Amino acid sequence: MTAVATVAGLQLFDVLYGWADHAADVESAAGVGWFAGTTQYLVANVTGLLFLPFAVAVGLRLTGVKGGLLAVPVSGLTWLVLTVPHLVDSRPGTGTVILWVTVQVAATAAATVPQTASPRP
Numbered sequence: 050m051t052a053v054a055t056v057a058g059l060q061l062f063d064v065l066y067g068w069a070d071h072a073a074d075v076e077s078a079a080g081v082g083w084f085a086g087t088t089q090y091l092v093a094n095v096t097g098l099l100f101l102p103f104a105v106a107v108g109l110r111l112t113g114v115k116g117g118l119l120a121v122p123v124s125g126l127t128w129l130v131l132t133v134p135h136l137v138d139s140r141p142g143t144g145t146v147i148l149w150v151t152v153q154v155a156a157t158a159a160a161t162v163p164q165t166a167s168p169r170p
């Protein structure tokens, strides 16, 4: 589930950056200046960064994973700090994508282990 969310997040970033690039080109042609596309890039970044934690939370809920409370912030932090800087707005190879998707999945899975392994009263 996290792997699918990560790949979907990368595709979302690609589409949103394409939209922001087009908007910047249109605004530049209209004479907006160096602020061209700023709003669109801000929207693209916020949407792309918030997508994965939201998708993980929904996915954990739909699949019925117990103890996934810690997985959402850990997955979001891993997405923000590790995955996005290496894969977004670049043309990574297949091996690089597989590596960082694996890191994302491992971090999310590791965050669920302490909560699911501890006995509940």
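In my numbering, the protein residues as written are 50 to 170. Built from N, CA and C at the ideal position, the CB exists for glycine as well. Computed from a predicted structure; not experimentally measured.
| Check | Outcome |
| --- | --- |
| Hey, does Leu-119 have any beta-carbon neighbour from chain C nearer than 8 Å? | No chain C is part of this structure, which consists of one protein chain only. |
| Short check: CB of Thr-51 to CB of Ser-124, under 8 Å? | yes |
| Leaving aside the five residues before and after Val-152 along the sequence, list all residues of the same chain whose C-beta is less than 8 Å from its C-beta, in chain order. | Thr-127, Leu-131 and Thr-132 |
| Look at Ala-85 and Trp-68 and say whether their C-beta atoms are less than 8 Å apart. | no |
| Taking only three categories from DSSP, how would you classify Val-85? | Checking the sequence shown, residue 85 turns out to be Ala, not Val. In the structure shown, Ala-85 sits in coil (DSSP, three-state: anything other than H, G, I, E or B). |
| For Ala-57 and Val-146, I'd like the C-alpha separation in whole angstroms. | 12 Å |
| Return yes when the Cβ of Val-107 is within less than 8 Å of the Cβ of Thr-221, no when it is not. | Any question about residue 221 goes unanswered here, given that the chain covers just 50 to 170. |
| Let me confirm a value: Leu-111 is counted as buried when at least 16 other C-beta atoms fall within 10 Å, else exposed. Which label applies? | exposed |
| Helix, strand or coil, according to DSSP, for Pro-122 in the structure here? | helix |
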